[in-house]
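Engineer: Residue numbers (full-length UniProt numbering): 1 to 634. The C-beta atom is built at its ideal place from N, Cα and C for all residues, glycine as well.
Here it is, written out as structure tokens:
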């Protein structure tokens, strides 16, 4: 039944983003007659978006300082602005209000010439409570009025008259800004920071490095190391200022950039590295759920990479961005989380823990987008024996943002799903999942270790279906498994440690291995789990049950690989081999199966380290050249 909705533009942007994400489409607003925008400058693009969705619900662009009781101008918008419009008019004054655009000598400026906006009329306030000096500066006698005691409010806003009589808002004259509807005096934040004994010089500005996401950044000059001062300054500000006035980032500089006349050059201040502004070291996602949450955070905050223990608000997040974040989580996982959970623990690790505790979350998925952007053909890479595709995270990043990269993950990672026990069945399932992303070929396929075996079978089945496979890249994958199904596997603790560290460059574990081999099986697992948690290899809620599930999943894949007999393949195999591995057959057995031959690329490292830094950079470069050549041939 609401007929007039009054909100700030930044909230409207969030609402429109949610409408775009909602698969059910836009909500019906049959009773709404006007959308009133106030509190911030209204970007023309938001008008175009709103009127595109609701052409019959006009917008009213309103302007009104708090010192003048309410909105003092209105500008109705019935049609989307032209794409070349940069600033929307704020309209004409409302009843009993007078507006003046004056030069520094309080003389009216001509039409089209910028000046400072002054407000007169019955809405002008009496002044600031208990601040006579500030009142005297901002509320001045009205030189154009005949009534005794009439005053003008000096807004500090820059504006000009348009030929049609409307007023155009051009921004601030001073360093006062509005962010998410809060008016903020930047000098007040600077004054508080200047009180800290470690701060020698400080400048605070409002930046909009991401369109529509204006935030505060403090630049300080100090003799103290950044890591030592950053946390202190945040704590210092939280004791003295409200949350909306605390800068999203604090940047330490050796000296301030200056203009030729010796003033601070605010335009030369660098964009903050939000990742560096955090004291906490980067902790990478440790499972698919944390990876998917990290990807959502990176899109919302426009920061890469984001670790699972990075705080949402320390990265520049705020109340409006938190709404967008929760909307995307709801869309991907089918769970409605309250924004309050971010205040309880604003990390990916915390959100992942909550999602794991809830039933019915759409967390399980076969196709995992490690890099969904880019204009090239997507590359699909099958999981190794562990079942997860996190091993490919660095490979996807080093291939670059223009190369879409999808991992194919094992069903057995999720409690409600049983893994396939035949490579042929896995391949058929992964083809079906892959075709939800790319329905038709030509396909680019790959896999590391056991994943290469499955990718080979996928290529076989696709060829049999009449689909084209233009690239088949196998990373350290053997055509014939020399092991047998009955082969004695390692003890659980040793096996788990090897599984968790298979694709990670970690320190020598020989002492730990000696220690755990003397323990009972469950104690072995607990000991390894405790170590893995301290090394950030697993999430905090990964326990003995999860460990046994991971071991059984690997054994299931091991048995499937042992029983698989690859058949001759009509195409070419591109093989990436680790230079440190000593093998009798350079093609690892594929030469006998690939009718068009085997193209071999040597990569530094061994079977495990080939997908880890620094060797993964070489692998990525060689793979990138192969993929580009394949796509050029197509």
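Which residues in the same chain have their Cβ closer than 8 Å to the Cβ of residue 375, if we skip the five residues on either side of it in sequence?
Structural biologist: Excluding positions up to five away in sequence, the list reads 402.
Engineer: According to DSSP, is residue 602 part of a helix, a strand, or is it coil?
Structural biologist: It is a strand residue.
Engineer: At the level of alpha carbons, what is the spacing between residue 542 and residue 529?
Structural biologist: Rounded to whole angstroms, residue 542 to residue 529 spans 8 Å at the Cα level.
Engineer: In its own chain, which residues sit with a C-beta less than 8 Å from the C-beta of residue 433, not counting the 5 before and 5 after it?
Structural biologist: Within the same chain, residue 433 has close Cβ partners 366, 367, 408.
Engineer: Could you pull out every residue in the same chain whose Cβ sits closer than 8 Å to the Cβ of residue 290, ignoring the five residues on either side in sequence?
Structural biologist: Taken in chain order, the residues that qualify are 308, 348, 349, 352, 539.
Engineer: Does residue 596 pass the burial test, meaning 16 or more other C-beta atoms within 10 Å, or should it be called exposed?
Structural biologist: Burial call: exposed.
Engineer: Distance, Cα to Cα, residue 629 vs residue 608?
Structural biologist: Roughly 27 Å separates the two Cα atoms.
Engineer: Checking contacts by CB at 8 Å: is residue 194 closer than that to chain D?
Structural biologist: Considering every chain present, this structure includes no chain D. It has just one protein chain.
Engineer: Would you grab the beta carbon distance between residue 119 and residue 153 for me? Rounded to a whole angstrom, and I think it's under 8 Å.
Structural biologist: With 8 Å as the limit, residue 119 and residue 153 qualify as a contact, their Cβ atoms being about 5 Å apart.
Engineer: What residue does the alpha helix (DSSP H) around residue 353 start on, and which one ends it?
Structural biologist: Here the alpha helix (DSSP H) through residue 353 covers 348–357.
Engineer: With a 10 Å radius around its C-beta and 16 neighbouring C-beta atoms as the bar for buried, classify residue 360 as buried or exposed.
Structural biologist: With a pLDDT of 47 at residue 360, under the threshold of 50, the modelled position of that residue is not reliable, and the figure given next carries that caveat. Per the 10 Å Cβ criterion, exposed.
Engineer: Measure the C-alpha to C-alpha separation of residue 35 and residue 167 and round it to an integer number of angstroms.
Structural biologist: For residue 35 and residue 167, the distance between alpha carbons rounds to 20 Å.
Engineer: Going by DSSP, name the residue or residues bridged to residue 381.
Structural biologist: Partner(s): 407, 446.
Engineer: Using DSSP with H/G/I as helix, E/B as strand and the rest coil, what is residue 235?
Structural biologist: The answer is helix: DSSP assigns residue 235 an H, G or I state.
Engineer: Evaluate residue 179 with the Cβ neighbour count: other Cβ atoms within 10 Å of its Cβ, from every protein chain shown; 16 or more gives buried, anything less gives exposed.
Structural biologist: Buried: at least 16 other Cβ atoms inside 10 Å.
Engineer: For a test of the three-state rule: what should DSSP assign to residue 498, helix, strand or coil?
Structural biologist: The answer is helix: DSSP assigns residue 498 an H, G or I state.
Engineer: With residue 521 as the anchor, note down where its alpha helix (DSSP H) starts and where it stops.
Structural biologist: Element bounds for residue 521: 521–534.
Engineer: Pull up the distance between the alpha-carbon of residue 624 and that of residue 373, whole angstroms please.
Structural biologist: Each residue's alpha carbon lies about 16 Å from the other.
Engineer: For residue 74, which of helix, strand or coil comes out of DSSP?
Structural biologist: Three-state result, residue 74: strand.
Engineer: Measuring only the C-alpha atoms, how far is residue 55 from residue 29?
Structural biologist: Straight-line Cα distance between these residues: approximately 11 Å.
Engineer: Round the Cβ separation of residue 241 and residue 192 to the nearest angstrom and send it over; I've been treating them as touching at under 8 Å.
Structural biologist: Rounded, the Cβ-Cβ distance is 6 Å, consistent with contact.
Engineer: Leaving out five residues on either side along the sequence, give the residues of the same chain with a beta carbon under 7 Å from the beta carbon of residue 488.
Structural biologist: Per-residue confidence for residue 488 stands at a pLDDT of 43, beneath the threshold of 50, marking its modelled position as unreliable; no derived number is given.
Engineer: List the endpoints of the continuous alpha helix (DSSP H) containing residue 633.
Structural biologist: From DSSP, the alpha helix (DSSP H) with residue 633 extends over 615–633.
Engineer: Pull up the distance between the alpha-carbon of residue 201 and that of residue 254, whole angstroms please.
Structural biologist: About 10 Å.
Engineer: Output the distance between the C-alpha atoms of residue 103 and residue 116, rounded to the nearest integer angstrom.
Structural biologist: Looking at the two C-alpha atoms, the distance is approximately 6 Å.
Engineer: Go through the region 118–159 residue by residue and report every complete run of the beta strand (DSSP E) that reaches 3 residues or more, in order.
Structural biologist: Listed in chain order, the complete beta strand (DSSP E) runs (minimum 3 residues) inside the region 118–159 are 139–141.
Engineer: Here's the rule I'm using: 16 or more other beta-carbon atoms within 10 Å means buried, otherwise exposed. How should residue 151 be labelled?
Structural biologist: Classification of residue 151: buried, given that the 10 Å Cβ count is 16 or more.
Engineer: Tell me the rounded alpha-carbon separation between residue 520 and residue 604.
Structural biologist: Cα to Cα, the separation comes out at about 38 Å.
Engineer: If we ignore side chains and look at the alpha-carbon of each, how far apart do residue 135 and residue 124 end up?
Structural biologist: Cα-Cα distance, rounded: 12 Å.
Engineer: From the DSSP output, in three-state form, read off residue 98 for me.
Structural biologist: Reduced to three states, the DSSP call for residue 98 is strand.
Engineer: Taking residue 304 as the reference, give the member of 187, 284, 86 with the closest Cα.
Structural biologist: Minimum Cα distance to residue 304 is reached at 284.
Engineer: Give the range of the alpha helix (DSSP H) segment to which residue 61 is assigned.
Structural biologist: Taken as a continuous stretch (DSSP letters only), residue 61 belongs to no alpha helix (DSSP H), being part of the beta strand (DSSP E) at 59–63.
Engineer: Would you kindly check if the distance between the Cβ of residue 593 and the Cβ of residue 410 is under 8 Å?
Structural biologist: Not closer than 8 Å, so no.
Engineer: Quick check on residue 343: buried or exposed, where buried means 16 or more other Cβ atoms within 10 Å of its Cβ?
Structural biologist: It is exposed - the Cβ of residue 343 has fewer than 16 other Cβ atoms within 10 Å.
Engineer: Could you spell out the range, first to last residue, of the alpha helix (DSSP H) harbouring residue 546?
Structural biologist: Counting along the chain, the alpha helix (DSSP H) containing residue 546 begins and ends at 544–563.
Engineer: Using the Cα positions of residue 497 and residue 544, report the straight-line distance between them to the nearest angstrom.
Structural biologist: So the two alpha carbons sit approximately 13 Å from each other.
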